[in-house]
Structure formats: C-alpha cells, structure tokens
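Residue numbers are given in the numbering used here: position 33 of the sequence shown equals residue 34, and the series is strictly consecutive.
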Amino acid sequence: SMYQPEHFIENGIITDPAPEVNLPAPPPVELYNLKNDPLEQTNLAIQSPQRVQSMERDLLAWFEDVCADFKKTSRE
C-alpha cells in the first residue's frame, strides 16, 4: 500500500539518516476536579502525585494497546 512506510522507503522518499526530530518539552502535568473546579483554577497534580502516576500508567497502557491494534490491523 502506498500509505505504508515501506512504500516511502522503497521509492526513495525517506532518506538516511533520518531527519532529527526536536520535540518541545511536555507541559507540566495538570489535574483538576472539574465538578468542584469547572474553571480549572486549582491544579491538584502536586497534591496528588500518586493519582497522577496512576493516570499516566493507565494512559501509557492505553496508547500501547491502541498502537498494537493499529500495527496488527494495518498489516492485515
């Protein structure tokens, strides 16, 4: 398929070395109780580091699952 990475590599569109990617640093973590603070005035991330870590783990697991599903279905 012309949308797979192999197409671009085989047709000379991607060259080595790969271009350097400079991503900006991620913004600070923010966590709000939207029920009590709908205007997001009080960032609870510093007060609740364990909750932030748990949510980050859940998000990372979700991304890995989605990426695995995408890789599986894109090869079929």
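Backbone N, C-alpha and C define an ideal beta-carbon position, used for all residues, glycine too.
query: Helix, strand or coil: which one does DSSP assign to residue 32?
result: Of the three classes helix, strand and coil, the one that applies to residue 32 here is coil, per DSSP.
task: Check residue 59 in the structure and name its three-state DSSP category.
output: Helix.
Same chain, Cβ closer than 8 Å to residue 56, neighbours up to 5 away in sequence not counted: Cβ contact annotation for residue 56 (same chain, cutoff 8 Å, sequence separation greater than five): 32, in chain order.
- prompt: So what's residue 80 in DSSP terms, helix, strand or just coil?
  reply: The structure shown does not extend to residue 80, since the chain is modelled only from 2 through 77, so no value can be given for it.
message: Using 8 Å as the threshold, is the C-beta distance between residue 34 and residue 24 below it?
response: No, these two residues do not count as a Cβ contact at 8 Å.
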